[in-house]
Amino acid sequence: MTDTVKHTPGPWKVFNSTDVFPDDNDREGERQIADCAMSHAMPFSEEQANALLIAAAPEFLLAAKKLIGAFDDLKSKTTLERIVTGRSDAELRKASDEAISELRAAIAKAEGRS
1 MTDTVKHTPG
11 PWKVFNSTDV
21 FPDDNDREGE
31 RQIADCAMSH
41 AMPFSEEQAN
51 ALLIAAAPEF
61 LLAAKKLIGA
71 FDDLKSKTTL
81 ERIVTGRSDA
91 ELRKASDEAI
101 SELRAAIAKA
111 EGRS
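Under full-length UniProt numbering, the first residue of the sequence shown is numbered 1, with each subsequent residue one higher.
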């Protein structure tokens, strides 16, 4: 997997309940990523939830890539191969645990619990 991204780098943050901007001190709001209040066909609470989900997207992507990498390493190598290549089972478990924690944090952010 490549680390090069074409999207606006994260983290992203929700402002004014439904607007998503890069969380990089862009005080002028010139780099808006999403405006989730454009539809009058859905309730405001749904627009807010959509903004939270969009703002969590960079964290979801990064954590998912890390978790896939950790699981690929676990699947593709025997214990001996891991020792020879320098990555122990404990290191791989730690990497997958960290990725799972990041996924949980992204989910909490998307659900407005962070």
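Every residue, glycine too, gets a C-beta built ideally from N, C-alpha and C.
None of these values were measured; they are calculated from a predicted model.
Residue environment, residue i, which counts as buried when at least 16 other CB atoms sit within 10 Å
i	result
F44	exposed
N16	exposed
E111	exposed
N25	exposed
A63	buried
V5	exposed
S101	exposed
Contact under 7 angstroms by Cβ, residue i with residue j
i	j	result
V20	I68	no
T18	E47	yes
A70	A106	no
A37	K109	no
L61	D73	no
P11	D23	yes
According to DSSP, residues forming a beta bridge with residue i
i	result
K13	F21
A34	V20
Cβ-heavy atom distance, residue i to the ligand FMN, below 6 angstroms
i	result
S114	Absence of the ligand FMN is noted for the structure shown, with no ligands found whatsoever.
Fully enclosed by the stretch 45–77, which alpha helix (DSSP H) runs are 4 residues long or longer?
-> 57–76
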